[in-house]
Amino acid sequence: MIELKNINKKFGSKEVIQDLNLTIPDGEILAIVGPSGGGKTTLLRTLAGLETVDSGTFLVNGTAFNPTETTEHEQVVGVVFQDFQLFPHLSVFDNITLAPKMVLKQTKEEYTAKVQELAQTLGISELLASYPFQLSGGQKQRVAIARALAMNPSVLAYDEPTSALDPELRQQVQGLILSLKNEGVTQIVVTHDLTFAKAIADQLLEVAPK
Ligand SMILES: Nc1ncnc2c1ncn2[C@@H]1O[C@H](COP(=O)(O)OP(=O)(O)O)[C@@H](O)[C@H]1O
Ligand SMILES: [Mg+2]
9 MIELKNINKK FGSKEVIQDL NLTIPDGEIL AIVGPSGGGK TTLLRTLAGL
59 ETVDSGTFLV NGTAFNPTET TEHEQVVGVV FQDFQLFPHL SVFDNITLAP
109 KMVLKQTKEE YTAKVQELAQ TLGISELLAS YPFQLSGGQK QRVAIARALA
159 MNPSVLAYDE PTSALDPELR QQVQGLILSL KNEGVTQIVV THDLTFAKAI
209 ADQLLEVAPK
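Our numbering puts the first residue of the sequence shown at 9, with every later residue one more than the last.
Below you can see the structure in the form of structure tokens.
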């Protein structure tokens, strides 16, 4: 279970996240919906440890954690960003295994076994030797998901997972998120698409315009 308590974040005098509280039970999906500028991406950046909060507490299974500190075992929240942020000069295999190698200090046997398992789950086994420029948007997204999951996160979060894709791929992303739920992955899905959010979410959080 992941909990956020009284999270506040300002940029200058602008309050972007205001006293945010949420709880996500293991294996559930929380959808966060709201207008552009509502602070959704900022929230994901703080969960990924790329941005600090001004006040508030993050808890995983009842224990406080600091998202800016990655332990040697895992990153608590893995984030799939809107533009996927794959490393263009690295193969799919190297994109997925870089952080497990460098941060988690996994052995070659460990990260190779993990990448093969994730590639199988996500249907990208044939793409491990490819480079990002050779992939479709949907394939890049699957690689970004595999890369996030390779860090053994307690929660996987997505920023606007349908926005960079052709409309007909929306159904596929929905299927993918629900299949990860079946595997027990706890997920946060940020979107401005209320229909999509309602189709996948156990819990819906609407953020107000700022
Ligand atoms: N690094 C930053 N410095 C200053 N303002 C920022 C920064 N990042 C985001 N903002 C502002 O915070 C607000 C929320 O942005 P964002 O989190 O991207 O919203 P959303 O993803 O919901 O569209 C916007 O007004 C944006 O301009
Ligand atoms: Mg955003």
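Every residue gets a Cβ at the ideal spot worked out from N, C-alpha and C, and that includes glycine.
- As the crow flies, the alpha-carbon of LEU213 is around 21 Å from that of GLY57.
- Segment contact: the segment 82–94 against the segment 31–41, fewer than three CB-CB distances shorter than 8 Å; contact not assigned.
- Relative to the non-hydrogen atoms of ligand 2, the Cβ of LYS48 comes within a distance shorter than 7 Å of at least one.
- DSSP assignment within the segment 75–143 yields the following whole alpha helix (DSSP H) runs of 4 residues or more, N-terminal first: 100–110, 116–130.
- For THR194, the enclosing beta strand (DSSP E) stretches over residues 194–199.
- Placement of the Cβ of ASP167 at a distance of less than 7 Å from at least one heavy atom of ligand 2 is found.
- In this structure, SER44 has its CB closer than 7 Å to one or more heavy atoms of ligand 1.
- Counting C-beta pairs closer than 8 Å gives fewer than three between the segment 142–153 and the segment 61–74, which falls short of the contact rule.
- Listed as beta-bridge partners of ILE37 by DSSP are GLN195.
- In the structure shown, LEU212 adopts extended strand secondary structure according to DSSP, grouped into three states.
- Between the alpha carbons of GLY47 and PRO108 lies a gap of roughly 29 Å.
- Taking the Cα of VAL111 as reference, the smallest distance to any Cα among ALA137, SER138, ASP210, GLN83 is reached at GLN83.
- Counted as a single uninterrupted DSSP element, the stretch harbouring VAL151 is not any beta strand (DSSP E) but the alpha helix (DSSP H) occupying residues 145–157.
- By the Cβ neighbour-count rule, PRO175 is exposed, with fewer than 16 other Cβ atoms within 10 Å of its own.
- Within 10 angstroms of the beta-carbon of LYS113 lie fewer than 16 other beta-carbons, which makes it exposed.
- At a Cβ-Cβ threshold of 8 Å, VAL88 and ALA156 count as neighbours.
- In terms of Cα proximity to LEU106, the closest of ASN190, ALA152, HIS200 is ALA152.
- Counting other Cβ atoms within 10 Å of its Cβ, GLY86 reaches 16 or more and is therefore classed as buried.
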